[in-house]
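Below: one structure, written as structure tokens.
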Amino acid sequence: MTISRLSIGTKFVSVLSIIVLCCIIVMLFVVSQNASSILAIESDKLLSNTASRYKNILEGAANEIFATTITSEAGLNNIFGERDLRESKVEQLLANIVDANRYSLAGFIIMSRDYTKEFIGSVSRVLPSGELAILAIDHKPTEPGGTEVITFPQDLLNRFPEISQTLSSKKVTMTDSDEILINGKKYYLKGAVTPIIHDGKTVGVVGNFLNLELLEERLANHQLDVFEGAQRFVINAHGQVLFNSDSERRAFTRLKDIRQLNHDPSASDLVEAAKTLKNGIFTYTSLRGIRSKAAVASLELWPGTKHYWSVVSIAPYDSIEKPINELRFILVSIGIPAIVVISLIAFIFIRITIATKIQHISYTLFEFFKYLNHQRKDPPQLLKIHVQDEIGVMARAINDNIEKTKLGLESDKALVAESLQVIDRA
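Note that this note's numbering has the sequence shown beginning at 2, numbered continuously upward.
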């Protein structure tokens, strides 16, 4: 069936349905674009806020560690001033400092060999080279007590050369993050080291080991999740993965270069951002191959140490765009029934108000033509007029023509009959 053969009502309803469909498509596009734009901005803010929140946690932990360490250095100087530097007193001071700090895994004090010999005398906790070296380990970091004091292991000193270097300087520094064994138990830590300066001379170092396991557990807190499938990790300026909220891959990724773990170019972009301390939003493809949006927030753990960490908060684009997809589905779910309902109402209305009347007019008009052509004896019934619109005017004109034609034909018929009578008389 061609379009030209369709009824007026069908054509009208079809055109109306197409117009409504186009309007819904345009509305869907406009709403989706605006919603996508708003969601993109809000997702940037949410991810940036998440990265900043954890950055604040790290800054707070580092500040607490350094504040405790610097305070302990001041306490040691007071002891030096009293000329009462007994080994037991140093051990007690160190144990109290470690136990009081929630982020401290262990603390240590190492005095120079000359100072140990001159002021402390006979001590039990010394290195082979003659320095007093005490390490206090907190076995219950979340509870009071549980502190064990031992001699600082020589291999630990070799593992962290920054400690020995601080003995010959007056600079606050930090060790690298590392996993170490102490008495057969593995620890994941990073040291904050402060020189002990007395009378203008560096006579030792005091330090605190940051409990990285505890910080990593806080990173995995699901309260930081703002999107489904969200993940967070921390890298240093060299691209080394320090923390990973993905517990399944935590051991696999720890202390490894993210570029070796993930060969996607987006990993190199994150490392470059970490090197340059560039905060912002990036596109990142995760180790699982999921295209994600990443927010980067960088920090220096303590001013002047040049130890930089970057918090990376990522969320899959699929999760970010999920509300938009749901909105599109809702709009389509509403739009399709709306088209059906509008088309049905229009069809019923047109059928009642236009199509049926046009059919009656068409039928009457064709019957009228038959009457004119003498194909029927009687004229068709007049149309019933209930409206005053164009259809009503048309119906009234047809009725008038039927009546006039009827009168004309009846008059002609009477004249013919009269003529026949005259002829018969003649």
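Quick reminder that beta carbons are idealized off the backbone N, C-alpha and C, glycines included.
Assign residue i to one of two classes, buried (16 or more other C-beta atoms within 10 Å of its C-beta) or exposed (fewer than that).
| i | result |
| --- | --- |
| residue 363 | exposed |
| residue 312 | buried |
| residue 420 | exposed |
| residue 64 | exposed |
| residue 184 | exposed |
| residue 139 | buried |
| residue 110 | buried |
| residue 73 | buried |
| residue 415 | exposed |
| residue 314 | buried |
| residue 117 | buried |
| residue 108 | buried |
| residue 394 | exposed |
| residue 232 | buried |
| residue 284 | exposed |
| residue 375 | exposed |
| residue 153 | buried |
| residue 178 | buried |
| residue 161 | buried |
| residue 409 | exposed |
| residue 369 | buried |
| residue 182 | exposed |
| residue 88 | buried |
| residue 418 | exposed |
| residue 164 | buried |
Pull the bridge partners of residue i from the DSSP assignment, please.
| i | result |
| --- | --- |
| residue 196 | 206 |
| residue 109 | 136 and 208 |
| residue 146 | Bridge partners of residue 146: none, in fact. |
| residue 1 | Residue 1 is absent from the model: the chain starts at 2 and stops at 427. |
| residue 190 | 179 and 212 |
| residue 232 | 315 |
| residue 281 | 297 |
| residue 258 | 241 |
| residue 127 | 133 |
| residue 292 | 286 |
| residue 152 | 135 |
| residue 174 | 194 |
Taking Cβ positions, are residue i and residue j nearer each other than 7 Å?
| i | j | result |
| --- | --- | --- |
| residue 175 | residue 69 | no |
| residue 332 | residue 29 | yes |
| residue 439 | residue 234 | With the chain running from 2 to 427 in the structure shown, residue 439 is simply not present. |
| residue 150 | residue 134 | no |
| residue 358 | residue 399 | no |
| residue 128 | residue 155 | yes |
| residue 265 | residue 240 | no |
| residue 209 | residue 66 | yes |
| residue 300 | residue 56 | yes |
| residue 132 | residue 114 | yes |
| residue 13 | residue 351 | yes |
| residue 316 | residue 244 | no |
| residue 168 | residue 207 | no |
| residue 268 | residue 260 | yes |
| residue 203 | residue 172 | no |
| residue 17 | residue 347 | yes |
| residue 51 | residue 157 | no |
| residue 96 | residue 148 | yes |
| residue 201 | residue 320 | no |
| residue 292 | residue 318 | yes |
| residue 180 | residue 186 | no |
| residue 365 | residue 345 | no |
| residue 145 | residue 212 | no |
Just checking: is the beta-carbon of residue i within a distance shorter than 7 Å of some beta-carbon in chain B?
| i | result |
| --- | --- |
| residue 200 | This model lacks chain B altogether, as it is built from one protein chain only. |
Can you tell me whether residue i sits near the ligand MN, meaning its C-beta is under 6 Å from at least one heavy atom of the ligand?
| i | result |
| --- | --- |
| residue 291 | Questions concerning the ligand MN fall outside what the structure shown contains, since it holds no ligand whatsoever. |
- Say whether the region 181 to 199 touches the region 97 to 104, bearing in mind that this needs 3 or more beta-carbon pairs closer than 8 Å, one atom from each stretch. no
- Message: Count Cβ pairs between the region 247 to 265 and the region 327 to 338 that sit closer than 8 Å; are there 3 or more?
- Response: no
- Message: So within the region 374 to 407, which uninterrupted beta strand (DSSP E) runs reach at least 3 residues, ignoring any that extend past its ends?
- Response: Secondary structure within the region 374 to 407: not one fully enclosed beta strand (DSSP E) run of 3 or more consecutive residues is present.
- If we count Cβ pairs, one from each stretch, closer than 8 Å, do we get three or more for the region 12 to 27 versus the region 336 to 345? With a cut-off of 8 Å, the region 336 to 345 and the region 12 to 27 count as touching, because enough Cβ pairs lie within range.
- Item | Stretch pair the region 225 to 240 + the region 272 to 279: three plus CB contacts closer than 8 Å | These segments touch.
- Report yes or no: do three or more beta-carbon pairs, one from the region 296 to 305 and one from the region 43 to 52, lie closer than 8 Å? A contact exists between the region 296 to 305 and the region 43 to 52.
- the region 378 to 388 touching the region 401 to 415, judged by at least three CB pairs closer than 8 Å: yes
- Give, in chain order, every unbroken run of the alpha helix (DSSP H) that is at least 4 residues long and sits entirely within the region 26 to 109. 88 to 101
- Item | Completely contained alpha helix (DSSP H) runs for the region 312 to 353, where each covers 4 or more residues | 318 to 321 and 323 to 351
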